[in-house]
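Q:
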Amino acid sequence: MRYARDVAIVAFAQTDTLRRSDELSEVEMVMPVLHDVLRQTGLRSSDIGFTCSGSTDYLAGRAFSFTMALDGVGAWPPISESHVEMDGAWALYEAWVKILTGEADTALVYAYGKSSPGEVRDVLTRQLDPYYVAPLWPDSVALAALQAQALIDAGGTDEPALAAVAARSRTDASDNPHAQLKGSIPSGEYIVRPLRRGDCPPVGDGAAAVILAAGDRARDLCERPAWIRGMDHRIEPHSLGVRDLTDSPSTRLAAGRAGAFEAPLDTAELHAPFSSQEVVLRRSLNLNDSVRVNPSGGALAANPVMAAGLIRLGEAAARIHRGESDRALAHATSGPCLQQNLVAVLEGES
Amino acid sequence: MSATPSPDLLRAPLVVEFPFTRSLGPVQSAFLTGLRERTVLGVRTSDGKILVPPVEYDPVTAEEIRDLVEVGATGTVTTWAWNPDPRRDQPLTTPFAWVLVRLDGADTSLLHVLDAPGPESVRSAMRVRIRWAEERTGAITDIACFEPHESEPTAHVTGHSGEFDDAVTGIVTPARLDYTYSPGRAQTGFINALAGRRTVGERCPSCRKVYVPPRGACPTCGVATAEQVEVGPRGTVTTYCIVNIKARGLDIDVPYVYAHIALDGADLALHGRIGGIPYDQVRMGLRVEPVWTEGSRHPDHYRPTGEPDADYDLYKELL
Chain L
1 MRYARDVAIV
11 AFAQTDTLRR
21 SDELSEVEMV
31 MPVLHDVLRQ
41 TGLRSSDIGF
51 TCSGSTDYLA
61 GRAFSFTMAL
71 DGVGAWPPIS
81 ESHVEMDGAW
91 ALYEAWVKIL
101 TGEADTALVY
111 AYGKSSPGEV
121 RDVLTRQLDP
131 YYVAPLWPDS
141 VALAALQAQA
151 LIDAGGTDEP
161 ALAAVAARSR
171 TDASDNPHAQ
181 LKGSIPSGEY
191 IVRPLRRGDC
201 PPVGDGAAAV
211 ILAAGDRARD
221 LCERPAWIRG
231 MDHRIEPHSL
241 GVRDLTDSPS
251 TRLAAGRAGA
261 FEAPLDTAEL
271 HAPFSSQEVV
281 LRRSLNLNDS
291 VRVNPSGGAL
301 AANPVMAAGL
311 IRLGEAAARI
321 HRGESDRALA
331 HATSGPCLQQ
341 NLVAVLEGES
Chain C
1 MSATPSPDLL
11 RAPLVVEFPF
21 TRSLGPVQSA
31 FLTGLRERTV
41 LGVRTSDGKI
51 LVPPVEYDPV
61 TAEEIRDLVE
71 VGATGTVTTW
81 AWNPDPRRDQ
91 PLTTPFAWVL
101 VRLDGADTSL
111 LHVLDAPGPE
121 SVRSAMRVRI
131 RWAEERTGAI
141 TDIACFEPHE
151 SEPTAHVTGH
161 SGEFDDAVTG
171 IVTPARLDYT
181 YSPGRAQTGF
191 INALAGRRTV
201 GERCPSCRKV
211 YVPPRGACPT
221 CGVATAEQVE
231 VGPRGTVTTY
241 CIVNIKARGL
251 DIDVPYVYAH
261 IALDGADLAL
271 HGRIGGIPYD
281 QVRMGLRVEP
291 VWTEGSRHPD
301 HYRPTGEPDA
311 DYDLYKELL
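Okay, here's the thing in structure tokens:
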């Protein structure tokens with residue numbers, strides 16, 4: 001056994017992702033998914049050993065919104081709790097480590113993103129290097145477009161291939177009641193060439209929650225737990241000019257350390273907000289056509305920032321819960337042009 | 001979640017601005033001061049690569065690196081992206097290309113923009129040169145942009161001390177983000193009631209506590225609150241402090257008292273200033289009522305009602 005304990009995702013819930021959610025504060029958006037995962041497992045708030053969340057206050061411009069979101073957890077009497085200013089996938093990682101150390105047997109992980117109050121393309125520029133990059137205000141689509149062009153120049157893709165990625169994602173999303181963009185969506189005009197509107201994720205608000213549990217506890221809470229066989233995350237230099245944008249060595253390394261290449265996969269949920277990034281990830285993970293990529297529609301169909309990575313883990317787990325997958329890879333990304341990447345390998349027992 | 005926001009939901013513009021003030025280390029200081037002097041510096045890593053823009057630690061080995069060199073003001077585009085619709089604060093106001101440029105002599109690329117007539121005139125591997133800003137302060141924006149320029153690439157670099165007169169040692173990167181803020185259903189109800197000089201909270205369906213102001217959830221039970229309950233207008237001072245420092249822009253004489261006030265019917269105290277009584281006579285248990293001023297959306301302060309003080313047992317859970 002590679003880890004001290006076996007830990008599984010035993011429940012997953014997500015909101016519909018919507019273009020606007022003005023009538024809801026963050027806590028009002030989060031609460032339904034918290035209640036949903038508790039209902040699925042039959043646990044009460046007080047049964048949870050550790051709670052961890054991922055979000056960023058910059059999205060909605062509400063200082064300390066993450067402390068207000070805690071109102072939805074029922075944090076009295078005081079609970080063991082933590083927050084990451086990152087996608088909820090990294091909150092899940094922290095919770096997993098907490099359970100591996102034996103400090104908790106169950107964990108509640110949630111994430112939310114309310115992009116509608118601001119301009120997410122501009123907001124994300126504030127995570128960039130403040131010396132050489134942020135003063136130029138390069139927005140998230142511009143940076144992804146530089147990566148896409150590098151990939152096209154290297155012969156790794158072309159515009160029709162990118163359009164096909166987007167079309168397949170939105171077609172698959174037709175079966176996903178929570179997705180924001182589904183069905184046949186035109187490629188549209190260039191937002192930042194070579195990326196067209198169809199190559200970019202929709203802007204939306206949403207939340208997701210997951211419950212983790214160890215060993216027999218997981219078997220008690222879920223008929224077919226999605227066991228985390230390995231999980232790792234790696235980061236690359238922040239300066240785009242020192243990286244090969246057509247490759248994702250951090251994804252490959254994380255996948256290797258998570259054990260992704262040790263046995264065949266049947267499913268991969270990749271967090272690729274831009275069509276070109278799916279191409280980079282497929283190449284880096286060496287995925288062949290036998291692997292079902294993003295049956296949920298992926299981030300091109302619904303991209304609640306800070307929750308979209310956690311949703312990849314949740315969608316892969318839910319597929320195992322339903323018996324539709326036996327061995328799935330889940331990936332989450334953070335930062336410009338796939339700077340930081342997390343990979344988990346999930347398995348069901350036959 | 002419902003897709004159509006209710007039309008009476010409150011919304012207001014919200015601007016978040018912050019000057020991001022950063023000190024510079026020796027390498028960043030040399031690079032940005034160099035730009036002011038129309039000199040582009042890179043740094044040499046232990047394996048001989050030249051990084052432009054330079055960093056202070058080797059991205060591969062994490063070693064401290066200080067060996068500066070001067071590179072060319074001409075270079076080669078390594079990738080590009082055409083921006084048809086410039087956004088506020090971006091370097092050019094007319095359509096332009098984002099570019100990564102490998103300056104002559106460098107092994108890595110710098111992110112900036114290229115002023116070109118249209119996307120058909122841009123390609124990877126095209127030659128470009130720096131167009132310097134007329135006024136330069138020691139910032140990445142001292143490079144106004146790149147412009148197309150045919151020239152032969154060179155790999156020549158020269159050593160540089162990195163020393164300049166009057167070196168730039170810090171930068172301020174102004175940041176401004178614009179939002180349309182909506183407080184959501186629960187707080188919209190609270191604010192709208194205040195406009196009618198009423199204070200409303202919401203009751204938890206589980207523990208029955210009434211929260212003021214309401215935020216839509218009971219922080220103890222973790223469930224939604226929805227039942228609106230009017231509270232006050234009178235209340236009890238549960239605890240207080242004496243403010244001796246005059247706040248900028250506030251026309252209130254010091255010392256004054258700022259208090260936690262449990263409005264009658266509320267299970268959570270809110271904050272308010274106490275007036276109409278000398279500061280040194282305010283006490284726990286004092287009964288108070290709100291004082292409204294013309295056009296105000298919330299009570300200006302609270303003043304004594306003249307009732308007998310509340311019994312400690314009545315408010316001890318609300319401190």
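Residue numbers (UniProt numbering), protein chains in the order written: chain L, 1 to 350; chain C, 1 to 319. Here a beta-carbon is modelled for each residue, glycine too, at the ideal position from N, C-alpha and C. Just so it is clear, the structure is predicted and the values come from calculations on it, not from any experiment.
For the segment 234-264 of chain C, which residues have a CB atom closer than 9 Å to at least one CB atom of chain L, in sequence order?
A: If the cut-off is 9 Å between Cβ atoms, the segment 234-264 of chain C has nothing near chain L.
Q: Could you tell me which residues DSSP pairs with Leu341/L in its beta bridges?
A: Translated into positions along the first sequence, residue 341/L becomes position 341. According to the sequence shown, residue 341/L is Asn rather than Leu. Answer is Arg234/L, Thr333/L, bridged to Asn341/L.
Q: When you compare only the Cα positions, how much space is there between Ala3/C and Val165/L?
A: Numbered from its first residue, the second sequence carries residue 3/C at position 3. Numbered from its first residue, the first sequence carries residue 165/L at position 165. Unreliable placement is indicated for Ala3/C, whose pLDDT of 45 sits below 50; the coordinate value is still reported in the next sentence. Roughly 27 Å between the two C-alpha positions.
Q: Closest by CA to Gly34/C, which one among Ile50/C, Thr169/C, Trp82/C?
A: As a working mapping, residue 34/C is identified with position 34 in the second sequence. Taking only the C-alpha atoms, the option nearest Gly34/C is Thr169/C.
Q: For Pro304/C, does the three-state DSSP call read helix, strand or coil?
A: Locating residue 304/C in the second sequence gives position 304, where the first residue counts as 1. Correct three-state label for Pro304/C: strand.
Q: Report buried or exposed for Ala162/C, applying the criterion of at least 16 other Cβ atoms within 10 angstroms of its Cβ.
A: Working through the second sequence from its first residue, we reach residue 162/C at position 162. In the sequence on display, residue 162/C carries Gly and not Ala. Buried, by the Cβ-count rule.
Q: What residue ranges within the segment 254-283 of chain L form continuous beta strand (DSSP E) runs of no fewer than 3 residues, ordered along the chain?
A: Here the runs fully enclosed are 267-269.
Q: For Gln149/L, which residues in chain C fall below 8 Å Cβ to Cβ?
A: By 1-based counting over the first sequence, the position of residue 149/L is 149. Those within 8 Å of Gln149/L in chain C are Thr79, Trp80, Ala81, Ser124.
Q: Check for me: the beta strand (DSSP E) holding residue 357/L runs from which residue to which?
A: Because chain L is modelled from 1 through 350, residue 357/L falls outside the range shown and cannot be assessed.
Q: Grouping DSSP H, G and I as helix and E and B as strand, with all else coil, what is Gly162/C?
A: Against the second sequence, residue 162/C aligns to sequence position 162. Looking at Gly162/C - three-state DSSP - the assignment turns out to be coil, as it is neither helix nor strand.
Q: Checking 8 Å against the spacing of the C-beta atoms, do Ser45/L and Gly74/L come in under that value?
A: Sequence index remark: in the first sequence, residue 45/L carries index 45 (1-based). Sequence index remark: in the first sequence, residue 74/L carries index 74 (1-based). Yes. Within cutoff.
Q: Is it true that the CB of Gly297/L sits closer than 8 Å to the CB of Asp172/L?
A: Here residue 172/L corresponds to residue number 172 of the first sequence, with the count starting at 1. Here residue 297/L corresponds to residue number 297 of the first sequence, with the count starting at 1. Cβ atoms of Asp172/L and Gly297/L: closer than 8 Å.
Q: Could you tell me the distance, in whole angstroms, from the CA atom of Gly314/L to the CA atom of Val97/L?
A: What you label residue 314/L is simply residue 314 of the first sequence in a count that begins at 1. What you label residue 97/L is simply residue 97 of the first sequence in a count that begins at 1. Each residue's Cα considered, the two are about 18 Å apart.
Q: Start and end of the alpha helix (DSSP H) containing Ser169/L?
A: As a working mapping, residue 169/L is identified with position 169 in the first sequence. 159-172 is the extent of the alpha helix (DSSP H) around Ser169/L.
Q: Run through DSSP, which three-state label would Thr17/L get?
A: Here the question's residue 17/L lines up with position 17 in the first sequence. Looking at Thr17/L - three-state DSSP - the assignment turns out to be coil, as it is neither helix nor strand.
Q: If you reduce the DSSP assignment to three classes, tell me which class Leu24/C lands in.
A: As a first step, residue 24/C must be located in the second sequence, where it is residue number 24. In the structure shown, Leu24/C sits in coil (DSSP, three-state: anything other than H, G, I, E or B).
Q: Going by other Cβ atoms of all chains shown within 10 Å of its Cβ, with 16 needed for buried, is Thr293/C buried or exposed?
A: Counting from 1 along the second sequence, the entry for residue 293/C is found at position 293. Label assigned to Thr293/C: exposed.
Q: Just the Cα atoms here: how many angstroms apart are Asp123/L and Lys316/C?
A: Against the first sequence, residue 123/L aligns to sequence position 123. Against the second sequence, residue 316/C aligns to sequence position 316. According to the sequence shown, residue 123/L is Val rather than Asp. Roughly 44 Å between the two C-alpha positions.
Q: Any idea if Gly309/L is buried or exposed, counting beta-carbon neighbours within 10 angstroms, 16 or more meaning buried?
A: Indexing the first sequence from 1 puts residue 309/L at position 309. Gly309/L should be labelled buried.
Q: State the DSSP-derived secondary structure class of Glu37/C, mapped to helix, strand or coil.
A: On the second sequence, position 37 is the one that residue 37/C refers to. The answer is coil: DSSP assigns Glu37/C none of H, G, I, E or B.
Q: Assign Phe64/L to one of three DSSP states: helix, strand, or coil.
A: Along the first sequence, read from residue 1 onward, the residue named residue 64/L stands at position 64. Here Phe64/L sits in coil by DSSP.
Q: When you compare the CB positions of Ala269/C and Ile277/C, do they come within less than 8 Å of one another, or not?
A: For this step, residue 269/C is matched to residue 269 along the second sequence. For this step, residue 277/C is matched to residue 277 along the second sequence. Going by C-beta atoms, Ala269/C is not nearer than 8 Å to Ile277/C.
Q: Quick check: is the beta carbon of Pro138/L nearer than 8 Å to any beta carbon in chain C?
A: Here the question's residue 138/L lines up with position 138 in the first sequence. Yes, Pro138/L lies at the interface with chain C (some Cβ there is under 8 Å from its Cβ).
Q: Can you tell which of Ile143/C, Ala155/C, Arg215/C has the C-alpha that lies nearest to the C-alpha of Val40/C?
A: Taking the first residue of the second sequence as position 1, residue 40/C is located at position 40. Comparing Cα positions, the closest option is Ile143/C.
Q: What is the DSSP secondary structure of Ala195/C, counted as helix, strand or coil?
A: Working through the second sequence from its first residue, we reach residue 195/C at position 195. Helix, per DSSP.
Q: Is it true that the segment 277-288 of chain C meets the segment 221-230 of chain C, where meeting means three or more beta-carbon pairs spaced less than 8 Å apart?
A: Contact between the segment 277-288 of chain C and the segment 221-230 of chain C is absent, because fewer than three Cβ pairs lie under 8 Å.
Q: What are the residues of the UniProt domain "ChsH2 rubredoxin-like zinc ribbon" (197-223) of chain C that lie near chain L, defined by any Cβ-Cβ distance shorter than 8 Å?
A: The residues in question are Arg215, Gly216, Ala217, Cys218, Pro219, Thr220, Cys221, Gly222, Val223.
Q: Nearest to Tyr57/C by CA position, among Cys204/C, Gln28/C, Val157/C, is which residue?
A: What you label residue 57/C is simply residue 57 of the second sequence in a count that begins at 1. With distances taken between Cα atoms, Tyr57/C lies closest to Gln28/C.
Q: Should Thr79/C and Ser151/C be called a contact, given that it needs their Cβ atoms to be closer than 8 Å?
A: By one-based count along the second sequence, residue 79/C stands at place 79. By one-based count along the second sequence, residue 151/C stands at place 151. Cβ distance not < 8 Å, so Thr79/C and Ser151/C don't count as in contact.
Q: Confirm, please, whether the CB-CB distance from His238/L to Asp129/L is below 8 Å.
A: In the first sequence, the residue the question calls residue 129/L occupies position 129. In the first sequence, the residue the question calls residue 238/L occupies position 238. Yes, these two residues count as a Cβ contact at 8 Å.
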